[in-house]
Amino acid sequence: MAVGNNPLAAAPCRVHTGVMDYDELARGVLRALRGKRSQLAFSRRLGYSTNVAYAWESGRRSPTAAETLRAAVKVGVDVRGALTPFFQRVLPEELKTLDPDSPAFVAALLRDVRGTASMEVLASRTDLSRSAISRILSGKTEPRLPVFLRLVDVASRRLLDMLAGLVDMGSIPAAQDEWRRVEALRRLAHTNPLSEAVPRFLELDQYAKLARHRPGWIAERLGISREDEERTLRDLEAAGVVRWDGVRWLLDRQRSVDTTRFDRRAAARLGMHWTEEARSRIAAGGEGQFAYLVFTTDDETLAAIQELRLRFFRELRALVAASSKNRRVAVANVNLFPIDVGARDDGERS
10 MAVGNNPLAA APCRVHTGVM DYDELARGVL RALRGKRSQL AFSRRLGYST
60 NVAYAWESGR RSPTAAETLR AAVKVGVDVR GALTPFFQRV LPEELKTLDP
110 DSPAFVAALL RDVRGTASME VLASRTDLSR SAISRILSGK TEPRLPVFLR
160 LVDVASRRLL DMLAGLVDMG SIPAAQDEWR RVEALRRLAH TNPLSEAVPR
210 FLELDQYAKL ARHRPGWIAE RLGISREDEE RTLRDLEAAG VVRWDGVRWL
260 LDRQRSVDTT RFDRRAAARL GMHWTEEARS RIAAGGEGQF AYLVFTTDDE
310 TLAAIQELRL RFFRELRALV AASSKNRRVA VANVNLFPID VGARDDGERS
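Add 9 to the 1-based position in the sequence shown for our numbering, that's all there is to it.
Have a look at this one:
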């Protein structure tokens, strides 16, 4: 076993968006699940004798999150498969064993999304009491769909990515503009990795205190050219992520964007970019924490370490989403890979 200093490090892109109308979004999700079926036919498909779909879509009442997932199952959605990309392509073990349309599944999902975010933060950002959130997370209270959506959004800032596995986001009016923005930013990150970093500096408390935007302020702190700063800001403006108010650049939305979805080769290039940044930082002896561990283990332990890495990233996202002040910009880049690829022997020789 060898221990030394090297990159341990690749960061999820974090772009924040404003508060959504969760009631309208919930109605849109239900309409998308119904598809071309009539409300009455959809209600009967779900086993109801009354036209519950009309009540849901009109806003007269809302289903629980578990009822919504049951509706998804009834119309042929593989709920576990739909949620897997949201969890970096590896579903948490507890969610693999629970029925995907059960209240216990919903509670487990929310607990995993919450991570270590404090009850105080969740309560302040959802307008729910700490006791109400505690009952929901423990499974004692079933959240209605709008409350479920709000909790996922506050805890992860990736609500739209989660819903995208269940329904066509382009068919939901309440989410269409926001989804186009998210997709545009995802594409932009693949062509200009700086588009992940530059908005983070616009979030800083220090930037907010400037009398007006100072050209080169971001470039100086990020270690890039002023031309790259200006080009990236223009790209972000074209994507609808930032806007100029005559004094400074403002983030138009607040939402985390998973740049690893859909195009894995492009995501790999992003990982290479930030790993190269870590290499350069190590070579220069710059600020940061860098470590590596070369070890021997068995397949079961390696699988457990892989799960630990995924849990770390979920916890990291939750902590970032819950942070109350924006004073630093950082990258977390965590690599785990086998190095015995050329000499593996899966069988034992006598």
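Each residue gets a CB set at the ideal place from its N, CA and C atoms; glycine is no exception.
*To the nearest angstrom, how far is it from the Cα of A330 to the Cα of S58?*
The straight-line gap from Cα to Cα measures roughly 42 Å.
_Distance, A117 Cα to S111 Cα_ = Looking at the two C-alpha atoms, the distance is approximately 10 Å.
*Have a look at L104 and R195 and give me their C-alpha separation to the nearest angstrom.*
A direct Cα-to-Cα measurement between L104 and R195 gives close to 27 Å.
_Between the CA atoms of V38 and L213 - distance to the nearest angstrom_ = So the two alpha carbons sit approximately 34 Å from each other.
*DSSP three-state call for A18: helix, strand or coil?*
Below a pLDDT of 50, predicted positions are generally treated as unreliable, and A18, at 30, falls in that range; no measurement from the model is reported.
_So within the segment 179-264, which uninterrupted beta strand (DSSP E) runs reach at least 3 residues, ignoring any that extend past its ends?_
Secondary structure within the segment 179-264: the beta strand (DSSP E) runs of 3 or more consecutive residues, fully enclosed, are 251-253 and 258-260 (chain order).
*How about S204 and L169: do their beta carbons lie closer than 8 Å?*
Contact flag unset, no.
*Let me know if A287 comes out buried or exposed under the rule of 16 or more other beta-carbons within 10 Å of its beta-carbon.*
Answer is buried; the Cβ neighbour count reaches 16.
*Would you mind giving the Cβ-Cβ distance between L345 and A183, rounded to the nearest angstrom? I have them listed as a contact below 8 Å.*
Not quite, the Cβ-Cβ distance comes to about 38 Å (not below 8 Å), so this is no contact.
_Residue from A206, R144, E187 and E309 with nearest C-alpha to E229_ = Measuring from the Cα of E229, the nearest candidate turns out to be A206.
*Tell me whether A253 is buried or exposed, calling it buried when 16 or more other Cβ atoms sit within 10 Å of its Cβ.*
In the sequence under discussion, the amino acid at residue 253 is Trp, which differs from the Ala named in the question. Exposed, since its Cβ has fewer than 16 Cβ neighbours within 10 Å.
*Which word fits S165, buried or exposed, when buried means at least 16 other C-beta atoms lie within 10 angstroms of its C-beta?*
Looking at its Cβ environment, which holds 16 or more other Cβ atoms inside 10 Å, S165 is buried.
_Contact between the segment 298-314 and the segment 229-240 is defined here as three or more beta-carbon pairs at a separation below 8 Å; is this criterion met?_
Touching, no, given that fewer than three Cβ pairs across the two stretches are closer than 8 Å.
*Where does A247 land, buried or exposed, given buried means 16+ other C-beta within 10 angstroms?*
With fewer than 16 other Cβ atoms within 10 Å, it is exposed.
*The beta strand (DSSP E) enclosing Y301, as first and last residue numbers*: According to the DSSP assignment, Y301 belongs to the beta strand (DSSP E) that extends over Y301 to V303.
*Can you tell which of L260, I314, R79 and E129 has its C-alpha closest to the C-alpha of F391?*
The structure shown does not extend to residue 391, since the chain spans only 10 to 359, so no value can be given for it.
*Taking V163 as the reference, which of V338, R326 and A341 has the closest Cα?*
In terms of Cα proximity to V163, the closest of V338, R326 and A341 is R326.
*Exposed or buried, E238, counting other C-beta atoms within 10 Å across all chains shown (16 or more means buried)?*
It counts as buried.
_Coil, strand or helix - R153 by DSSP_ = Note: R153 maps to strand in three-state DSSP.
*Along the chain, where does the alpha helix (DSSP H) that runs through Q48 open and close?*
That run of the alpha helix (DSSP H) goes Q48 to R54.
_Whole-angstrom C-beta distance between V122 and V161, which should lie under 8 Å_ = Between V122 and V161 the Cβ distance is about 6 Å, and since that is below 8 Å, they are a contact.
_Since E76 and Q48 should fall inside the 8 Å C-beta cutoff, what is the C-beta to C-beta distance between them, to a whole number of angstroms?_
Contact flag wrong, Cβ pair sits at about 15 Å.
*What is the residue span of the alpha helix (DSSP H) that L279 lies within?*
If you look at L279, you'll find it in the alpha helix (DSSP H) that goes R273 to A293.
*Is the CB-CB distance between L42 and V84 below 8 Å?*
In this structure, L42 sits near V84, with a CB-CB distance shorter than 8 Å.
*asked:* One question on the structure: do P208 and V256 come within less than 8 Å of each other, judged by their Cβ atoms?
replied: No, they are not a contact pair.
_T106 in three-state terms, based on DSSP_ = Correct three-state label for T106: helix.
*asked:* Suppose you measure from the CA of A11 to the CA of Y301; what does that come to, to the nearest Å?
replied: Residue confidence for A11 is low, a pLDDT of 39 falling below 50, so the modelled location carries little weight; the figure read from the coordinates is stated next. The alpha-carbon atoms of A11 and Y301 are separated by roughly 8 Å.
*asked:* Which residue wins for smallest C-alpha separation from I233, given the options D261, N201, R40 and L259?
replied: The residue with the shortest Cα to Cα distance from I233 is N201.
_Where T125 sits in the DSSP three-state scheme_ = DSSP, read as helix, strand or coil, puts T125 in coil.
*F322: first and last residue of the uninterrupted alpha helix (DSSP H) it sits in*: For F322, the enclosing alpha helix (DSSP H) begins and ends at D308 to A331.
*Roughly how many angstroms separate the alpha carbons of A217 and N335, rounded to a whole number?*
Within the model, the alpha-carbon separation for A217 versus N335 is close to 10 Å.
*T59 (DSSP reduced to helix, strand or coil)*: DSSP places T59 in coil when its eight states are reduced to three.
*On the premise that G56 lies in contact with A113, defined as a C-beta separation below 8 Å, what is that separation, rounded to the nearest angstrom?*
No, A113 and G56 are not in contact; Cβ-Cβ is about 20 Å, not under 8 Å.
*Just mark A293 as buried or exposed, buried being the case when its beta carbon has 16 or more other beta carbons within 10 Å.*
Flag for A293 reads exposed.
*asked:* Tell me which residue opens and which closes the alpha helix (DSSP H) that M29 is part of.
replied: DSSP places M29 outside any alpha helix (DSSP H), giving it a letter other than H or E.
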